[in-house]
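Residue numbers (the numbering used here), protein chains in the order written: chain A, 1 to 338; chain B, 1001 to 1338.
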């Protein structure tokens, strides 16, 4: 049985979305047991509206909540009975294998480092979501809290990202590219210029050079390496721009009677395409490099679908032992370097 | 008469695209005279295929070309008879009011500073394209060559961008926001954290705080302030992602007979929407803060439409005296500060 915690507080859609997603996740994954951390009274009431395997779902009562207005590190240290801290402790104690939250990114990331801790040799723990491209999926690493990162940290992110893509996504020799403002080697800011030769010298990755952001949507690399500030800008622009364009297209289709009829006729084909760009199918972003267990951050405005996808993703992560493979891969790399 | 130079070399589509755009621009703007810098023989041959007002178009022969493989500063200094340097000298000498190029960004930017020079008080010259949003247009400043910029440089960019949006785009009290990874004041990397209080203290701008990149496409600010590396990533991702999504949507419409018929019915409405996201209608990005004259960088793969739009944009820039207004606005700000 794979044990997964869902933090039911902190997301924009509250416990109802988390609970509905949990029930769906439970139904789709018969080898999963879920722990829901949050307000027992509310959770019991919500759960009473569903039919589910009661042996595989346990509610863990918590009296506190961490919100995005809390200072992350302080909140994790002080709010010991929050749904986030209680949930992470279940992972720390080995009672659970994975943890899912739609709460404050900062607090989730801080909690990962402070409560579970980094694996041996891991300099920083990057947040690495998958981006939909015209060719499939690319891993964007890092979108987390490590702003103003150092070159050697980025090199390790490239290694972790490669291990992830190879072992979890089944990509052979994943192509690693660093986000840059041109493809010529002399281009870039200080960080990119310093990191570039280190990546070239790193034998355990398949470094293909710089990537300009316009090439990212066309799947020109499997691991898109960048420091967290730029990664965050890329991730959120991807989300916002897709949403805006799709909204404008839908609006344009509702303009005339003719276009409305046309819209009905393309609806089915269009829907299949659009669902490719729907982040809710992607199952959230894993925080890589933890000592043990898994931490998956889903979007703040996640609905039931996102939670259910995250449960499936966590299950697959545990089955393929992504954390173990990263620790193993980094250790191997270190031995080669010595 | 407004005199505009078009650099016919350096772009991906070569002189044919530039010449076709020039002829269109000439036709649409009866108060414009064009200088085409490039290879006279080729240009004369291309021009012989068009009917145009010969009194308003002059070919300036050049023996050299600057490509994107040249180191920018060195190329500008050494290739004195290149289409880029010859063109910029026409502006420097006052023979032309504006200059358009699809050539190497680095060389165009370096040429602007080295040949024309910065206006008094201007610390750096930012490249500031307009981004299409669901509400109209926002100015993205800076996308140029000033990577790893200093906080005080960003503040001046915010001022220049505000002057531009107010005077050229007619936006009253343009909302300035700095690109950040969260909207809370304590979020950000070192540069954003240092710049934020300076922007708050700057009385000549309407600073509204941080903007997350997901809000940019929805027009939540008029001036999107960021250092050039991030700006370049935003600009190119905007371009690449729009292109990829539209391509996938078109592909999805061609899947079945039914969806093909549907596609025909929505074609007209859809086309109007899509043209909003077509960079070719935007007329390129101006380099702000030059001593005099104008420099407009159009996309490397510009076609005739982009060159024609750039001619119109340059004409409007000269008419509204954007350079003069920026110099004036910055001087006013400096006097207030003293």
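Note that CB positions come from ideal geometry on N, CA and C, so glycine has one too.
Against chain B, the beta carbon of residue 237 of chain A has neighbours under 8 Å at 1213, 1214, 1216, 1217, 1234, 1237, 1238, 1241, listed in chain order.
Secondary structure of residue 118 of chain A (DSSP, three-state): strand. In this structure, residue 97 of chain A and residue 318 of chain A form a Cβ contact; the two beta carbons are roughly 5 Å apart against a cut-off of 8 Å. Restricting attention to alpha helix (DSSP H) runs no shorter than 4 residues, the stretch 45-123 of chain A encloses them at 72-78, 83-92, 105-111, ordered along the chain. Neighbours of residue 1230 of chain B across chain A, judged by C-beta separation under 8 Å: 229, 230, 233. One Cα belongs to residue 19 of chain A, the other to residue 109 of chain A, and the distance between them is close to 23 Å. For residue 148 of chain A, the C-beta contacts it makes with chain B under 7 Å involve 1189, 1190, in order along the chain. For the stretch 248-263 of chain A, the beta-carbon criterion of a distance under 9 Å to any beta-carbon of chain B is satisfied by 248, 249, 251, 252, 253, 254, 255, 256, 258, 259, 260, 261, 262, 263. If you compare the alpha carbons of B:1269, B:1271, B:1253 with that of residue 265 of chain A, the shortest gap goes to B:1253. Using a Cβ-Cβ cut-off of 8 Å, residue 1265 of chain B counts as an interface residue toward chain A, since at least one Cβ of chain A sits closer than that to its own. Between residue 177 of chain A and residue 141 of chain A, the CB-CB gap reaches or exceeds 8 Å. Assignment of residue 1304 of chain B by DSSP, reduced to helix, strand and coil, places it in the helix class. For the set B:1045, B:1144, B:1232, B:1166, the Cα lying nearest the Cα of residue 1295 of chain B is the one of B:1144. If you keep only unbroken beta strand (DSSP E) runs of at least 3 residues inside the stretch 243-299 of chain A, you get 294-297. Taking 8 Å as the CB threshold, residue 181 of chain A lines the interface with chain B. Secondary structure of residue 129 of chain A (DSSP, three-state): coil. For residue 1201 of chain B, the number of other beta carbons within 10 angstroms of its own is below 16, and it is reported as exposed. Taking 8 Å as the upper bound for CB-CB distance, residue 25 of chain A and residue 312 of chain A are in contact here, some 7 Å apart. Taking residue 314 of chain A as the centre and dropping the five residues before and after it, the same chain places the C-beta of 4, 98, 100, 294, 296 closer than 7 Å to its C-beta, in chain order. For residue 25 of chain A, there is no enclosing beta strand (DSSP E); the enclosing alpha helix (DSSP H) covers residues 14-28. Less than 8 Å divides the Cβ of residue 38 of chain A from the Cβ of residue 9 of chain A. The alpha-carbon of residue 197 of chain A is positioned some 43 Å away from that of residue 249 of chain A.
Restricted to the stretch 1129-1157 of chain B, the beta strand (DSSP E) segments that are unbroken, complete and at least 3 residues in length are 1130-1133, 1136-1141, listed in chain order.
When Cβ-Cβ separations below 8 Å define contact, residue 158 of chain A makes no contact with chain B.
Among the residues of the stretch 1123-1143 of chain B, those with a Cβ less than 9 Å away from any Cβ of chain A are 1133, 1134, 1143, in the order of the chain. Taking all protein chains in view, the Cβ of residue 15 of chain A is crowded by 16 or more other Cβ atoms within 10 Å, so the residue is classified as buried.
Judged by pairs of C-beta atoms under 8 Å, the stretch 208-221 of chain A touches the stretch 132-140 of chain A, as three or more such pairs exist. When C-alpha distances from residue 328 of chain A are compared across A:103, A:59, A:164, the shortest belongs to A:164.
In the structure shown, the three-state DSSP call for residue 225 of chain A is strand. In its chain, beyond the 5 residues on either side, 88, 91, 92, 290, 291, 292, 293, 295 have a beta carbon closer than 8 Å to the beta carbon of residue 116 of chain A. Assignment of residue 36 of chain A by DSSP, reduced to helix, strand and coil, places it in the strand class.
From the beta-carbon of residue 1273 of chain B, the residues of chain A found nearer than 7 Å are 248, 249, 252.
Following the DSSP letters along the chain, one finds residue 1005 of chain B inside the beta strand (DSSP E) bounded by residues 1002-1007.
Rounded to the nearest whole angstrom, the C-alpha separation of residue 126 of chain A and residue 158 of chain A is 10 Å.
The C-alpha of residue 1268 of chain B is placed about 39 Å away from the C-alpha of residue 1106 of chain B.
Close to residue 1269 of chain B, with beta-carbon spacing below 7 Å, are these residues of chain A in chain order: 252, 253, 255, 256, 259.
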